[in-house]
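In terms of my numbering, the sequence shown opens at residue 4 and continues consecutively.
Here a beta-carbon is modelled for each residue, glycine too, at the ideal position from N, C-alpha and C.
Remember, predicted model here, so these are calculated numbers, not experimental data.
The structure appears below as structure tokens.
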Amino acid sequence: MPTSDEIVIVGGGIGGLAAALSFHAAGRPVRLFESATEIRALGVGINLLPHAARELDALGLADELLAAAVAPETLSYFTKHGALIWSEARGRAAGYHWPQISVHRGTLQTILLAATVKRVGADRIHCGHHLTSLAQSPGGVRLRFRDRATDHDVTFDAAAVVGADGIHSVVRQVLVVDEGRPKWNGAILWRGLVGHEPVLDGRTMIWAGHPEQKFIAYPIRDLPDGRQQINFIAELGRPNDPFAEREDWNRPGNLDDFAPAFASWQFPWLDVPALLAASPGTFVFPMVDRDPLPSWSDRRVTLLGDAAHPMYPIGSNGASQAILDGRVLAACLRDHTDPSEAFARYESVRRPATSAIVIANRGLGPEVPMQLVEERAPHGFTNIADVITPDEIAAVTDSYRRTAGLALAALADPTSLGDRAY
């Protein structure tokens, strides 16, 4: 087949756009295809950890992003009664060179898209093209898309393909036959945004409860009237509920389905029922992931982000790890002319790291101390030191930071992943 020298990215989400910018910066021609008819600013809040902030800084986007976001300085964990379990510093307050960034997912995607249009070119972004098949030859890959505007099939020949098309990735389905649906752990998340007075100091993320019933809240933007846009997540374990519908972060939820479970969560520092009542709506999603794969790549095709390693949204790793994927992959494509060699090197770096996070998140990740406190003192306590020791907490949190690549020592090197040799 006649083959272009371009790398095709399938999927225009955060991972796909960050990868497109990174490939372009590395000198590899790139083209992006997105199934949706337009890339829109959808979703709710997300967190970008310092190692992802470093990569966005290397792409020249960190300052613009921070202007529309909040950089949290503290993460505090509470019981279901509102009692403090422990607090830890985050981002620059914890000694990192880069901040943690709490931002609306749509804001991040809009910034990435605008940069991609400007640097890569609007003519290289094709919306409304749904991948239906791909076939490899010794010299390239032929992709077939359904053009949603014309309802006709179109083909494109590429040097290589990167599947960044999410948890229901079509590219992954080509590589992994009959994998089936994502794995659900029995928990359901309701996510929403609300204008609200700052919680605590306005720079604190709060996690309250335990894995079977949890409430998370953090600011993602300071509002002109002194309030903040607060992102919240209400999580309930409901393993007996039928939840067979397709996962979709933009599927509307219903307050009546979960708010009554939090009716008594009126703490001196936050009235959870009042915050929920002020929300204009929610989105509902099951807690799902997929088993780590033994391989992401087949010759000139590989995976990235949720297509490669969908994980439970614990520890703020989803978007961050997708950005890291794109940066490492770009460096590998810069250093290895043969895409097959580049993909093999990329996978050797990123697959073990992300597989470890998937497994750690299944084991509750940094939330283990919350579960221990619930088991040991379900009715509350007078002194947290009587329930759990600082050393127990530190053992869990330090281990998770190492697994996620966030140990302070690991980020002492300011060199971007995209500028390293692999």
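In terms of alpha-carbon separation, which member of the options lies closest to residue i?
{"i": "ALA55", "options": "THR400, SER323, THR406", "result": "SER323"}
{"i": "ILE114", "options": "GLY63, GLU91, PHE218", "result": "GLY63"}
{"i": "ARG354", "options": "THR406, VAL164, VAL73", "result": "THR406"}
{"i": "THR110", "options": "GLY98, GLY46, PRO276", "result": "GLY46"}
{"i": "VAL275", "options": "SER351, HIS382, VAL197", "result": "VAL197"}
{"i": "GLY321", "options": "GLY308, ALA380, GLN231", "result": "GLY308"}
{"i": "ASP60", "options": "PRO102, ALA125, ILE233", "result": "PRO102"}
{"i": "HIS107", "options": "ASP66, GLN232, GLY85, HIS84", "result": "GLN232"}
{"i": "GLY169", "options": "GLU215, LEU134, GLY205, GLY189", "result": "LEU134"}
{"i": "ALA333", "options": "VAL13, SER7, VAL33", "result": "VAL33"}
{"i": "GLY205", "options": "SER7, THR357, PRO75", "result": "PRO75"}
{"i": "PRO295", "options": "PRO283, LEU279, LYS186", "result": "LYS186"}
{"i": "LEU306", "options": "SER267, SER7, SER351, ALA281", "result": "SER351"}
{"i": "GLU37", "options": "ALA86, ASP150, PHE265", "result": "ASP150"}
{"i": "ASN50", "options": "ASN188, MET208, ALA125", "result": "MET208"}
{"i": "GLN216", "options": "GLY366, ARG184, HIS171, GLN374", "result": "GLN374"}
{"i": "ARG31", "options": "CYS335, ASP401, ALA280, PRO316", "result": "CYS335"}
On the CB-based measure, 16 or more other CB atoms within 10 Å of its CB, does residue i come out buried or exposed?
{"i": "ARG404", "result": "buried"}
{"i": "PRO297", "result": "exposed"}
{"i": "GLU370", "result": "buried"}
{"i": "GLU182", "result": "exposed"}
{"i": "ASN257", "result": "exposed"}
{"i": "ALA247", "result": "For ALA247, the predicted structure reports a pLDDT of 46, less than 50, and the residue's modelled location is therefore unreliable. A value from the coordinates is still provided. When all chains shown are included, ALA247 counts as exposed."}
{"i": "ASN243", "result": "exposed"}
{"i": "ARG57", "result": "buried"}
{"i": "LEU52", "result": "buried"}
{"i": "LEU411", "result": "exposed"}
{"i": "PRO141", "result": "exposed"}
{"i": "PRO372", "result": "buried"}
{"i": "THR153", "result": "exposed"}
{"i": "GLU200", "result": "exposed"}
Would residue i and residue j qualify as a contact pair, given that the criterion is a beta-carbon distance under 7 Å?
{"i": "PRO289", "j": "ILE360", "result": "no"}
{"i": "ALA167", "j": "VAL11", "result": "no"}
{"i": "GLY195", "j": "PHE159", "result": "no"}
{"i": "ASP328", "j": "MET314", "result": "no"}
{"i": "ALA29", "j": "ARG224", "result": "no"}
{"i": "SER25", "j": "ARG330", "result": "yes"}
{"i": "LEU203", "j": "TRP272", "result": "yes"}
{"i": "GLU91", "j": "HIS213", "result": "no"}
{"i": "ARG175", "j": "ALA310", "result": "yes"}
{"i": "GLY240", "j": "GLY318", "result": "no"}
{"i": "GLY18", "j": "ALA325", "result": "yes"}
{"i": "LEU137", "j": "VAL179", "result": "no"}
{"i": "ILE88", "j": "ILE387", "result": "yes"}
{"i": "LEU35", "j": "GLY15", "result": "yes"}
{"i": "TRP193", "j": "THR285", "result": "yes"}
{"i": "PHE81", "j": "ALA237", "result": "no"}
{"i": "TYR221", "j": "LEU414", "result": "no"}
{"i": "ARG93", "j": "LEU69", "result": "no"}
{"i": "SER105", "j": "VAL157", "result": "no"}
{"i": "ALA21", "j": "VAL123", "result": "no"}
{"i": "GLY408", "j": "HIS84", "result": "no"}
{"i": "HIS312", "j": "THR357", "result": "yes"}
{"i": "PHE163", "j": "PRO381", "result": "Correcting the residue identity first, residue 163 is Ala in this sequence and not Phe. No; because the gap between Cβ atoms is not below 7 Å, this pair is not in contact."}
Any idea what DSSP makes of residue i, helix, strand or coil?
{"i": "LYS83", "result": "coil"}
{"i": "GLN1", "result": "The first residue shown for the chain is 4 and the last is 425, placing residue 1 beyond what the model contains."}
{"i": "GLY198", "result": "strand"}
{"i": "TYR315", "result": "coil"}
{"i": "PHE270", "result": "strand"}
{"i": "ALA29", "result": "coil"}
{"i": "THR158", "result": "strand"}
{"i": "PRO242", "result": "coil"}
{"i": "VAL123", "result": "coil"}
{"i": "GLY212", "result": "strand"}
{"i": "LEU51", "result": "strand"}
{"i": "ALA247", "result": "Because the pLDDT of ALA247 is 46, which lies under 50, any placement of that residue in the model is unreliable, and the number read from its coordinates should be weighed accordingly. Of the three classes helix, strand and coil, the one that applies to ALA247 here is coil, per DSSP."}
{"i": "PHE265", "result": "helix"}
{"i": "ASP328", "result": "helix"}
{"i": "ARG349", "result": "Looking at the sequence provided, one finds Tyr at residue 349 rather than Arg. Helix, per DSSP."}
{"i": "ASP394", "result": "helix"}
{"i": "GLY368", "result": "helix"}
{"i": "THR113", "result": "helix"}
{"i": "ARG145", "result": "strand"}
{"i": "THR418", "result": "coil"}
Are there three or more Cβ pairs, one per stretch, closer than 8 Å when the region 389–396 is compared with the region 301–315? no
If you pair each beta-carbon of the region 411–420 with each one of the region 117–133, do three or more pairs fall below 8 Å? no
Check whether the region 40–51 and the region 122–138 are in contact - that is, three or more C-beta pairs closer than 8 Å. yes
Is the region 258–272 touching the region 133–152, taking contact as three or more C-beta pairs under 8 Å? no
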